[in-house]
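What follows is a short report on a single structure.
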Amino acid sequence: MTTFRIGEAAELLGVSADTVRRWIDAGRLAADRDGHGHRVIDGVDLAAFARGQAADPGERSDASSARNRLRGIVVNVVKDTVMAQVDIQAGPFRIVSLMSREAVDELGLCVGALAVAVIKSTTVVVERATPPTGSRGRQGS
């Protein structure tokens, strides 16, 4: 069983450790104590909570097969005469999109604008993440 300390869970969810503590105290997220008295969250419980925190279904288009949506803020736009690069910061993730300048102009994309990166791909590479430096191993049996 994999468990996460509050700070690790906060980093994965893109929120502060205080927010995770409030969710635990309010009963929204289950936590136990490890052998040292630290609060830990079971990986399965954290995954279920993260799924529940996903974007509001009202933001999704029923007319799209794309299910990967990252809501964020536009942090950079570089335009030339034909193409543009738009950088979106979605929590801890930086998304870079290349599109036509016309599309950027029509969508009104500029630094500070709210945007949703919709990702549809036939290939997604998944790697097993290693714990952050200084993190204790929490893989159990």
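The opening residue of the sequence shown carries number 9 in my numbering; numbering runs sequentially from there.
Ideal Cβ positions, reconstructed from N, Cα and C, are used throughout, including at glycine.
Exercise for the section: Can you tell me the Cβ-Cβ gap for Ala38 and Asp53, rounded? I've got them flagged as a contact below 8 angstroms. Expected result: The count along the sequence shown starts at 1 and reaches residue 38 at position 30. The count along the sequence shown starts at 1 and reaches residue 53 at position 45. Going by Cβ atoms, the distance from Ala38 to Asp53 rounds to 5 angstroms, so yes, they are a contact pair.
Handout entry: Cβ shell of His46 (< 7 angstroms), same chain only, five flanking positions each side left out
Key = For the purposes of this step, residue 46 is taken as residue 38 along the sequence shown, with counting starting at 1. Result list for His46: Arg13, in chain order.
Practice task
From the DSSP output, in three-state form, read off Ser149 for me.
Solution key: On the sequence shown, residue 149 is found 141 positions in, with the first residue counted as 1. Residue confidence for Ser149 is low, a pLDDT of 44 falling below 50, so the modelled location carries little weight and cannot support an answer.
Problem - Arg109, enclosing alpha helix (DSSP H) - first and last residue - result: Position 101 of the sequence shown, counting from 1, holds the residue named residue 109. Counting along the chain, the alpha helix (DSSP H) containing Arg109 begins and ends at 109–115.
Exercise for the section: Tell me whether Ala17 sits in a helix, a strand or coil according to DSSP, three-state version. Expected result: Position 9 of the sequence shown, counting from 1, holds the residue named residue 17. Ala17: helix per DSSP, three-state reduction.
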